[in-house]
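Numbering (my numbering), first residue to last: 1 to 211.
All remarks here apply to the structure that follows.
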Amino acid sequence: MALKIANLSQKGGVGKSTLSRAIAVEYARNEWDVKIADMDLKQSTCSLWNRERMKNSHSPQIAVETFSKVKDALRHEENYDLMIFDGSGHADLQTLEIAQICDYIILPSGLSKDDLTPQIKLAHELRKKGIPRKKIGIALSRVGKSARELNDTVEYIELAGYKYLGYIKEKTSVSQSHDEGLAANETKYKSINEQVDVLIQNVVDSIQELS
Ligand SMILES: Nc1ncnc2c1ncn2[C@@H]1O[C@H](COP(=O)(O)OP(=O)(O)OP(=O)(O)O)[C@@H](O)[C@H]1O
Ligand SMILES: [Mg+2]
Numbered sequence: 001m002a003l004k005i006a007n008l009s010q011k012g013g014v015g016k017s018t019l020s021r022a023i024a025v026e027y028a029r030n031e032w033d034v035k036i037a038d039m040d041l042k043q044s045t046c047s048l049w050n051r052e053r054m055k056n057s058h059s060p061q062i063a064v065e066t067f068s069k070v071k072d073a074l075r076h077e078e079n080y081d082l083m084i085f086d087g088s089g090h091a092d093l094q095t096l097e098i099a100q101i102c103d104y105i106i107l108p109s110g111l112s113k114d115d116l117t118p119q120i121k122l123a124h125e126l127r128k129k130g131i132p133r134k135k136i137g138i139a140l141s142r143v144g145k146s147a148r149e150l151n152d153t154v155e156y157i158e159l160a161g162y163k164y165l166g167y168i169k170e171k172t173s174v175s176q177s178h179d180e181g182l183a184a185n186e187t188k189y190k191s192i193n194e195q196v197d198v199l200i201q202n203v204v205d206s207i208q209e210l211s
């Protein structure tokens, strides 16, 4: 059975597809067979990205497929070491279904309360439905220059009782990388890539702590 990680949100545009792609790349670099289950039928962000990735012959190769149903995504899970579920732009019934079959759930968020409040609410809802607190982590995306704003946000996450996983800075090179079929940890800038990899290492460690 594949290890399964989900990127989910209550609100759109918070960094789910960004993290799905970066995590996929990091595990694939370590010789894992990785598949992204792109559950966003309307946008198919990861599927379109992978087309660009293949066109530009970037390695490591990642398998990406769009699915409308979780059970279809799981049909060939034995062929993979890791499956990453990239959730759609809003929480729906499928969000809970994905959370229930995944080993670890990442709720990405921007620094604003507009992004964070719905994600904390989603975390509480998942817990009410039986998902253990330790299976949920919050990652921050599109982080600006203010260290104070970042610190305050981390404090807010931890006071709410959730694990803070790390952050990705808001950078044009991240969105440019996406356009070329590369991930947030494959930009031209070592410092950005390393910061993303710190976040991903925290995900890896959090999953290891579960077993
Ligand atoms: N750190 C960053 N710096 C600059 N741009 C970013 C960064 N992270 C994400 N973006 C851009 O912001 C947009 C939203 O990010 P992303 O697609 O990861 O969010 P999402 O949660 O998957 O959105 P949706 O809910 O629509 O599926 C994308 O255009 C992406 O390229
Ligand atoms: Mg997306």
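All residues carry an ideal CB built from backbone N, CA and C; glycine is no exception.
Checking the sheet assignment: what are the DSSP bridge partners for residue i?
i           : result
residue 137 : 106, 163
residue 3   : 82
residue 169 : 143
From the DSSP output, in three-state form, read off residue i for me.
i           : result
residue 152 : helix
residue 143 : strand
residue 11  : coil
residue 88  : coil
residue 185 : coil
residue 131 : coil
Any heavy atom of ligand 3 closer than 7 angstroms to the beta-carbon of residue i?
i          : result
residue 12 : Questions concerning ligand 3 fall outside what the structure shown contains, since the ligands it does hold are ligand 1 and ligand 2.
Kindly indicate the opening and closing residues of the alpha helix (DSSP H) around residue i.
i           : result
residue 172 : 172 to 179
residue 121 : 113 to 128
residue 192 : 190 to 210
residue 98  : 93 to 101
Taking just the CA atoms, how far does residue j sit from residue i?
i           : j           : result
residue 119 : residue 179 : 27 angstroms
residue 167 : residue 141 : 6 angstroms
residue 89  : residue 211 : 30 angstroms
residue 85  : residue 21  : 10 angstroms
residue 193 : residue 11  : 26 angstroms
residue 144 : residue 170 : 6 angstroms
residue 225 : residue 183 : This structure cannot speak to residue 225, because the chain is shown only from 1 to 211.
residue 97  : residue 8   : 11 angstroms
residue 201 : residue 25  : 13 angstroms
residue 126 : residue 32  : 28 angstroms
residue 128 : residue 122 : 10 angstroms
residue 56  : residue 158 : 41 angstroms
residue 6   : residue 81  : 14 angstroms
Output yes if chain B places a C-beta closer than 8 angstroms to the C-beta of residue i; else output no.
i           : result
residue 138 : The structure shown contains no chain B; it is built from a single protein chain.
Whole alpha helix (DSSP H) elements within the stretch 30 to 75, 4-residue minimum
45 to 55, 70 to 73
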